[in-house]
Amino acid sequence: MRNYNFSAGPSMLPEPVLKQVQSELLDYSKTGMSVMEMSHRSKPYEAINAEAESLLRELMAIPDNYDVIFVQGGASTQFEAVPLNISVNKKADYVVTGNFSKKAFSEAQKYGDMVKAASSEDKNFTYIPKLDRKTFRPDADYVHICYNNTIFGTRYASVPDTGSIPLVADLSSCILSQEIDVGKFGVIYAGAQKNVGPAGVTIVIVRKDLQDKADRLCPTMLKWSTQIKEHSLYNTPPAFSTYVSMLVFRWLKNLGGVKAIQEINEAKAKMLYDFIDSSDFYNNYVECEYRSLMNVPFVTPSAETDSEFVAEAAKEGLLTLKGHRLVGGMRASIYNAMPVEGIEKLIAFMKKFEKNHK
Ligand SMILES: *Cc1c(COP(=O)(O)O)cnc(C)c1O
Numbered sequence: 007m008r009n010y011n012f013s014a015g016p017s018m019l020p021e022p023v024l025k026q027v028q029s030e031l032l033d034y035s036k037t038g039m040s041v042m043e044m045s046h047r048s049k050p051y052e053a054i055n056a057e058a059e060s061l062l063r064e065l066m067a068i069p070d071n072y073d074v075i076f077v078q079g080g081a082s083t084q085f086e087a088v089p090l091n092i093s094v095n096k097k098a099d100y101v102v103t104g105n106f107s108k109k110a111f112s113e114a115q116k117y118g119d120m121v122k123a124a125s126s127e128d129k130n131f132t133y134i135p136k137l138d139r140k141t142f143r144p145d146a147d148y149v150h151i152c153y154n155n156t157i158f159g160t161r162y163a164s165v166p167d168t169g170s171i172p173l174v175a176d177l178s179s180c181i182l183s184q185e186i187d188v189g190k191f192g193v194i195y196a197g198a199q200k201n202v203g204p205a206g207v208t209i210v211i212v213r214k215d216l217q218d219k220a221d222r223l224c225p226t227m228l229k230w231s232t233q234i235k236e237h238s239l240y241n242t243p244p245a246f247s248t249y250v251s252m253l254v255f256r257w258l259k260n261l262g263g264v265k266a267i268q269e270i271n272e273a274k275a276k277m278l279y280d281f282i283d284s285s286d287f288y289n290n291y292v293e294c295e296y297r298s299l300m301n302v303p304f305v306t307p308s309a310e311t312d313s314e315f316v317a318e319a320a321k322e323g324l325l326t327l328k329g330h331r332l333v334g335g336m337r338a339s340i341y342n343a344m345p346v347e348g349i350e351k352l353i354a355f356m357k358k359f360e361k362n363h364k
């Protein structure tokens, strides 16, 4: 039996995708081998690599003046790849809205005059600061944001206006969950293991005018142009992760694409937030406007009942609901692959738990 896994990442994958992986595991498309065992220079793998890119382009409506690469190292490696690739003047502005943007900022500080242009740390990251063009230094090489804050459960209500300064965004925990205008960004990156596929592959989307600015000392493997030139096949790629991600893209396309999943995600999140708001037992501290569609942190009246909640929920097949240590309480991560039934079951459990613990 499959449980409902509310983990922030790695997280649930769509069941039809897992079944297809299972059916193809020993013999992929009459090759007599698994994708895991296949040369990345073979025709069948080249087809997987190409289909992954074209489906992602289609799903996100990525304009032609952007390249898409699949790389290794996770989103965390991009924290350093970003300044090494595009910080020509060694000057960039960071918006700190949580743990990951803080890490991105601290890594980038090694490479130049990087400043914190705005932050929501004063209220423990429960909101997104108001930003406009005046927030940023006009000669900054780029502005970096984290669009959805996985740990604190916030997200931007809209894409900030940075004028002519390229906007770089970490979309690890919200890519493909809602429609987004890629044309407003200079660079987008995202680890796969939240909304896309298995850990091991990281998506980087780079506007063409930002591709030849890498620092002389930027490692070859971190230089985006290295993989762009080779269509992500410069060296051995994370082939199995890319293959499963490609199947997730197909699944999403069959479902109606990002617009369709966004409607489902909004309905799922609304059910959960509405229930939390209607209860005087559960609380979510995020300012309503900035509530994440993907990660929903909440607490009960005490740390003790929080622990009981997590333990009792697990007994009913509602797993990994413990909140991040920086926030405490619980967190339900409800990415694309979490079915509506998972939310319904969680809410039913929350009602029962509240009755027994009030
Ligand atoms: C999970 C996460 C990361 C870290 O990703 P890794 O692939 O583990 O390096 C970075 N940013 C955000 C927003 C995340 O959710």
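Our numbering puts the last residue of the sequence shown at 364; the count rises by one with no breaks.
Even for Gly, the Cβ is constructed at its ideal location relative to N, Cα and C.
F304: first and last residue of the uninterrupted beta strand (DSSP E) it sits in: 301 to 304
Is it true that the segment 246 to 254 meets the segment 85 to 101, where meeting means three or more beta-carbon pairs spaced less than 8 Å apart? no
Might you give, ordered along the chain, the residues of its own chain that have their beta carbon closer than 8 Å to the beta carbon of A81, omitting 5 neighbours on each side? F106, D176, S178, Y195, A196, G197, T208
Among residues of its own chain, excluding the 5 on either side of G206, which ones have a beta-carbon nearer than 6 Å to its beta-carbon? P244, S247
Please identify the residue among V250, A343, K358 whose C-alpha is closest to the C-alpha of A58. V250
Is G348 near K200, with beta carbons less than 8 Å apart? no
In three-state terms, what does DSSP make of C294? Residue state, collapsed to three classes: helix.
Is G197 near ligand 1, going by C-beta to nearest heavy atom under 7 Å? yes
In three-state terms, what does DSSP make of N362? helix
Range of the contiguous beta strand (DSSP E) that encloses S125: 119 to 125
What residue from D73, A98, V74 has the CA that sits closest to F85's CA? A98
Reducing DSSP to helix, strand and coil, say where L253 ends up. Of the three classes helix, strand and coil, the one that applies to L253 here is helix, per DSSP.
Taking 7 Å as the line, does the beta carbon of S82 fall inside it for any heavy atom of ligand 1? yes
D33 CB to nearest heavy atom of ligand 1 below 7 Å: Closer than 7 Å to some heavy atom of ligand 1: that does not describe the Cβ of D33.
By alpha-carbon positions, which one of E360, L299, L352, G263 ends up nearest to Y288? E360
Any non-hydrogen atom of ligand 1 within 7 Å of D221 CB: no
Using the beta-carbon count (16 or more within 10 Å), is V292 buried or exposed? buried
Check whether the Cβ of K108 sits closer than 7 Å to any heavy atom of ligand 1, and report yes or no. no
Please report how far the alpha carbon of G38 lies from the alpha carbon of V202, in whole angstroms. 27 Å
Are the CB atoms of T156 and F131 within a distance shorter than 8 Å? Not closer than 8 Å, so no.
Spatial distance of D147 from P172 (CA atoms): Straight-line Cα distance between these residues: approximately 7 Å.
Close Cβ partners of V102 (< 8 Å) along its chain, the five nearest in sequence each way excluded: K108, F111, K122, A124, S125, S126, E127
Grouping DSSP H, G and I as helix and E and B as strand, with all else coil, what is V333? coil
Nearest CA to the CA of E4: which residue from H363, L258, F355, T326? In the structure displayed, the chain extends from 7 to 364; residue 4 sits before or after that span and is not available.
Close-in-space but distant-in-sequence residues of the same chain around F355 (CB under 7 Å, 5 per side omitted): Closer than 7 Å at Cβ, skipping near neighbours: A319, E322, L324.
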